Each structure stands twice: as C-alpha cells, then as structure tokens.
Amino acid sequence: MMQRGYQAAMAILGRTRDSTALMAFNDGSAIGAIRAIQDCGLKVPADISVVGADDIKFAEFVSPRLTTIRKPLKPMGAIAASTLLQRIRDENVPKENPHSTRACNTRVHGHSPALTTVLAARFHCSPQSSSVSPRRRLLSPFR
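Position 55 (the sequence shown) corresponds to 426 in the numbering used here; numbering is contiguous.
What follows is the structure in structure tokens.
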C-alpha cells in the first residue's frame, strides 16, 4: 500500500505542484505519499497537508505524525456479518443501505447506529504558511 501511495503521489506531483493538500484512501497510502512529497523536496505540512484513513497504530509514529480518519471497523464488520447471515437465512433485509443518513437515528438489524468517524488530528493538517495562496487545491489522481 505504501508503494502505491508513493507512486500515485509521484505521478500527481509530476503533473502539478499547485496543490496544497492530499487525502489518501488509507494510512499506508498516505505514508507512501508523504515519502514521495519529501523526495520531491517539499515539506509536509508546510507545502502539502496529508490526511489518511484507518488510524493504524503506526500513524502516530511516522514523522511527521499522520492525521487520519478513524473508522468504526468493528461495528461495521458486525453489521455486515449480521446482514449477511440474515440474507443467508432469507430474512427480510432492506436492500437500501440501512446506515444511510436518514436511517442514523434508528436501530438497524438489532445494532445501534454507532458508525461515526473521528478525525485523529495530529501534525499534517496544520495551517499552511502565509506564502501559500489562500486558494487551496486538493491533489487528486482523478483530474
């Protein structure tokens, strides 16, 4: 994963250095992207802010520390397993995502809707220096 994050960030940085933020799919990719950013002579977060997702234990120990989104993986897994078992037993399970925004205030399949994410803000999302344009741009492989 780190290698893919590195390669993706290098490809983006090869096209433009105009962006000031990068949101990675997971922490491993974010760590790889940090290395690519540093290898290009840029500083994290002074030149480019980086945010990952997953909040792996290692995220606190990379330098600089990684800001990440903590996802409720155990409740997500429990709900997925419960839904799968109900479908195997041919019980009536709604095809619509039961955890969509409009269903968040109710219990779903006997589970409370504790699927909230938390931003573990560490070092990477600090404000940019005044020398950076106030118009922030997100690095994206989808441009």
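Every residue gets a Cβ at the ideal spot worked out from N, C-alpha and C, and that includes glycine.
Small disclaimer: the values here were computed from a predicted structure and weren't measured.
Item to complete: In the DSSP assignment, find the unbroken alpha helix (DSSP H) run with Phe-454 in it and report its ends.
Response: Reading the sequence as shown, one finds Thr at residue 454 and not Phe. That run of the alpha helix (DSSP H) goes 444–459.
Worksheet item: Sorry if obvious, but does the Cβ on Leu-490 come closer than 7 Å to a heavy atom of the ligand ATP?
Response: Annotation note on the ligand ATP: not contained in the displayed structure, which lists no ligands.
Worksheet item: Would you call the CB atoms of Thr-439 and Ala-380 closer than 8 Å?
Response: no
Discussion item. One question on the structure: do Asp-389 and Ile-427 come within less than 8 Å of each other, judged by their Cβ atoms?
Written reply: no
Item to complete: State the start and end residues of the unbroken alpha helix (DSSP H) segment that holds Met-381.
Response: Its alpha helix (DSSP H) spans residues 373–386.
Discussion item. Within 10 Å of its beta-carbon, does Ile-450 have 16 or more other beta-carbons around it, so buried, or fewer, so exposed?
Written reply: buried
Discussion item. Can you check which of these residues, Gly-403, Cys-411, Leu-413, is closest to Val-422 by C-alpha distance?
Written reply: Gly-403
Worksheet item: Which residues bound the beta strand (DSSP E) around Ser-420?
Response: 420–424
Worksheet item: What is the DSSP secondary structure of Ala-532, counted as helix, strand or coil?
Response: For residue 532 there is no data in the structure shown, the boundaries of the chain being 372 and 514.
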